Structures are given as C-alpha cells and as structure tokens.
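In the numbering used here, the protein residues as written are 440 to 682.
By construction, the Cβ of each residue, glycine as well, lies at the ideal position given by its N, Cα and C atoms.
What you are looking at is a predicted structure, and each value in this text was computed from that prediction instead of being measured.
Just below is one structure, and these are the notes that go with it.
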C-alpha cells in the first residue's frame with residue numbers, strides 16, 4: 440500500500456513538465472492571499488520555486504504520518520482535509536477551494552502530517568518546498584504576517600466548531616452552517632452546499648440520514664426550501680438562527 444502510494448506521488452511530481460506549467464504556477468501565486476499582495480517581480484520569484492501537480496477525483500494528496508515538507512496551494516478543484524479515528528471513523532476538518540492552502544506547519548519545523556488530504560474533484564495543486572518558503576519568509580516579512588492572519592482565522596473556526604459539536608444540538612449546527620453558507624447579496628437567498636451530505640454529516644458530527652431528515656423538517660417548518668440535492672433557498676433566516 441505504502442509502496443503504491445509512493446509510486447503515485449513520484450508520478451505526480453513529474454506531471455509538471457507541460458507547456459502550461461508556468462501558467463499554473465502564475466495563477467496559483469496570484470490567487471493565494473499570502474502571496475497576491477506582493478509586487479509582480481516578487482511573485483515571479485515565487486513562481487520559480489512553485490511546482491504544479493494534478494490529482495484525479497478521490498486521489499490522496501497526503502496521509503497522516505507522511506513527512507510535511509511543503510505548502511500545498513489549491514489552484515483548481517477542491518480538497519478535503521480529514522482525520523481518521525482508530526476505528527476508521529472519518530472526521531472532516533475543512534474543505535479547501537482555489538486560493539486556499541494547507542501544510543503551513545511545515546514552514547516552521549520538520550513535522551508529520553496529522554490529517555489526510557484528498558481531491559474531491561479533479562484538482563490542480565501547487566507546492567512550495569519548506570526550505571524555499573523559509574527563504575521567502577525571511578526575504579518578505581509581509582508573507583509571514585499573512586500566514587499568521589490565516590492561522591488566527593483557522594484557530595477561530597476550529598474553536599467555534601469544537602464548541603458547537605460539544606454544546607449545540609444537531610438542528611442548531613445545521614442551521615448555523617446553512618446561515619454561514621449564505622453570502623451577502625446572494626440571488627434569492629440561495630446557497631449551494633459545498634460538500635456531499637456524507638461530508639456534511641462528518642463535519643457536523645452526525646449521520647447523513649440525520650442531515651436529510653433535519654433538512655426536511657426545516658423545509659416543513661417553512662424556514663428553507665430544498666431546490667435540489669445540494670441547492671437550498673433560505674426562506675426565514677431569523678427563525679433559522681433561533682433554532
């Protein structure tokens with residue numbers, strides 16, 4: 440299993456020998472918040488140490504216990520970060536979209552990944568090795584500030600999620616998640632769930648069956664309307680937030 444996984448990783452590291460590789464690197468650097476504030480010449484320097492890797496849907500990007508020696512930036516697609524219990528139960532931690540990154544702990548010391556990362560759809564990832572990133576952090580301190588700001592946001596989200604799992608009932612967790620998905624100015628208060636019901640259940644600490652049942656109950660109450668499997672219209676946000 441490990442041998443096969445290593446072979447797959449080696450194949451991925453070589454997949455950047457294409458004509459569009461530099462274009463992929465440029466778009467990666469341009470969309471990630473820790474880099475896109477830099478001058479063009481500085482971003483070009485970062486592109487020089489960035490490598491583009493393609494993953495198919497369902498493919499593992501890294502596993503818990505793997506050496507963490509790179510920053511992974513999502514250029515296209517989506518990535519799920521999750522943990523597995525000793526019993527094999529999965530706990531979804533977060534989903535990364537284009538511009539998001541993971542593996543940032545490798546910036547500061549040699550460590551191992553504590554979670555798993557896999558491609559939810561066909562995905563393009565840009566990687567930057569730890570030593571290259573450390574050189575950039577020393578050269579451009581503003582990158583360090585951006586990284587610290589992202590650390591702060593993630594810590595806040597993690598603490599909020601932990602509190603909800605420990606103190607809120609499932610109905611409330613679902614309602615708050617739907618409210619957070621609602622973007623300001625969204626058309627007709629419609630949202631598209633960013634994950635499957637299975638992943639949503641893992642993230643909210645329940646089962647897919649419970650998610651489906653609770654969504655139906657919220658629709659019956661007149662708080663939401665289920666448009667399709669993933670599309671939902673928020674009808675009564677105030678009542679939803681009072682659950």
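**OP:** Buried or exposed for residue 504, please, with buried defined as at least 16 other CB atoms from any protein chain shown within 10 angstroms of its CB.
**Re:** As a working mapping, residue 504 is identified with position 65 in the chain shown. Residue environment: residue 504 is assigned as exposed (fewer than 16 neighbouring CB atoms within 10 Å of its CB, all protein chains considered).
Original post:
When the distance is taken between beta carbons, is residue 542 closer than 8 Å to residue 604?
Top reply: Within the chain shown, numbered from 1, the residue matching residue 604 stands at position 165. Within the chain shown, numbered from 1, the residue matching residue 542 stands at position 103. Not a contact, by the Cβ cut-off of 8 Å.
Original post:
Between the Cα of residue 620 and the Cα atoms of 532, 465, 501 and 673, which residue gives the shortest distance?
Top reply: Locating residue 620 in the chain shown gives position 181, where the first residue counts as 1. Ranking the options by Cα distance to residue 620, first place goes to 673.
Original post:
Apart from the five residues on each side of it in sequence, which residues of its chain come closer than 6 Å, Cβ to Cβ, to residue 552?
Top reply: By 1-based counting over the chain shown, the position of residue 552 is 113. So the list reads 501, 503, 505 and 507, once near-sequence residues are dropped.
**OP:** Ignoring anything shorter than 4 residues or poking outside the stretch 539 to 581, list the alpha helix (DSSP H) runs there in chain order.
**Re:** 569 to 578
Original post:
For the alpha helix (DSSP H) that contains residue 641, what are its first and last residues?
Top reply: For the purposes of this step, residue 641 is taken as residue 202 along the chain shown, with counting starting at 1. Taken as a continuous stretch (DSSP letters only), the alpha helix (DSSP H) holding residue 641 covers 636 to 643.
**OP:** Determine contact between the stretch 640 to 659 and the stretch 571 to 580, defined as no fewer than three beta-carbon pairs at a distance below 8 Å.
**Re:** no
Original post:
Among the residues of its own chain, which have a CB less than 7 Å from the CB of residue 662, if the five just before and after it don't count?
Top reply: Within the chain shown, residue 662 is the residue found at index 223, counting from 1. Hits under 7 Å: 674, 675, 678 and 679.
**OP:** Give every residue of the same chain whose Cβ lies closer than 7 Å to the Cβ of residue 416, excluding the five residues on either side of it in the sequence, and list them in chain order.
**Re:** The requested residue 416 does not occur in the structure, where the chain is confined to residues 440 to 682.
Subject >> Own chain residues within Cβ distance below 7 Å of residue 610, not counting five before or after >> reply: Position 171 of the chain shown, counting from 1, holds the residue named residue 610. Answer for residue 610: 653 and 682, listed in chain order.
**OP:** Whole angstroms is fine: what's the gap from residue 402's alpha carbon to residue 465's?
**Re:** The displayed coordinates of the chain run from 440 to 682. Any statement about residue 402 would go beyond what the structure contains.
Original post:
Does residue 542 get closer than 8 Å to chain B when you measure Cβ to Cβ?
Top reply: No chain B appears in this structure, which consists of one protein chain only.
**OP:** Given a cut-off of 8 Å, decide if residue 472 and residue 516 are closer than it, judged by their beta-carbon atoms.
**Re:** Looking up residue 516 in the chain shown gives position 77. Looking up residue 472 in the chain shown gives position 33. Their beta carbons are not under 8 Å apart, which means residue 516 does not touch residue 472 by this criterion.
**OP:** Determine the burial state of residue 599: buried for a count of at least 16 other Cβ atoms within 10 Å of its Cβ, exposed for fewer.
**Re:** Taking the first residue of the chain shown as 1, we reach residue 599 at position 160. It counts as exposed.
**OP:** Would you give the residue range spanned by the beta strand (DSSP E) that residue 529 belongs to?
**Re:** Within the chain shown, the letter at position 90 stands for residue 529. 529 to 535 is the span of the beta strand (DSSP E), which, as asked, contains residue 529.
Original post:
So, helix, strand or coil for residue 499, using DSSP?
Top reply: Start at 1 with the first residue of the chain shown, and residue 499 comes out as number 60. Reduced to three states, the DSSP call for residue 499 is strand.
Original post:
If you count every other CB in all the chains shown that lies within 10 Å of the CB of residue 587, and 16 or more means buried, which is it?
Top reply: As a working note, residue 587 is residue 148 in the chain shown. By the neighbour-count rule (16 or more Cβ atoms within 10 Å), residue 587 is not buried but exposed.
**OP:** Can you tell me which of the three DSSP states residue 526 falls into?
**Re:** As a working note, residue 526 is residue 87 in the chain shown. Three-state DSSP puts residue 526 in coil, outside helix and strand.
Original post:
Would you call residue 514 buried or exposed, if buried means 16 or more other Cβ atoms sit within 10 Å of its Cβ?
Top reply: On the chain shown, position 75 is the one that residue 514 refers to. The residue is buried, with at least 16 neighbouring Cβ atoms inside 10 Å.
Subject >> Inter-residue Cα distance where the pair is residue 626 and residue 634 >> reply: Taking the first residue of the chain shown as 1, we reach residue 626 at position 187. Taking the first residue of the chain shown as 1, we reach residue 634 at position 195. Answer to the nearest angstrom: the Cα atoms are 20 Å apart.
Original post:
Among residues of its own chain, excluding the 5 on either side of residue 550, which ones have a beta-carbon nearer than 6 Å to its beta-carbon?
Top reply: Numbered from its first residue, the chain shown carries residue 550 at position 111. Once the five neighbours on either side are set aside, the close Cβ partners of residue 550 are 507 and 544.
Subject >> Alpha-carbon spacing of residue 535 relative to residue 562, whole angstroms >> reply: Mapped onto the chain shown, residue 535 falls at position 96. Mapped onto the chain shown, residue 562 falls at position 123. Their Cα atoms are separated by approximately 11 Å.
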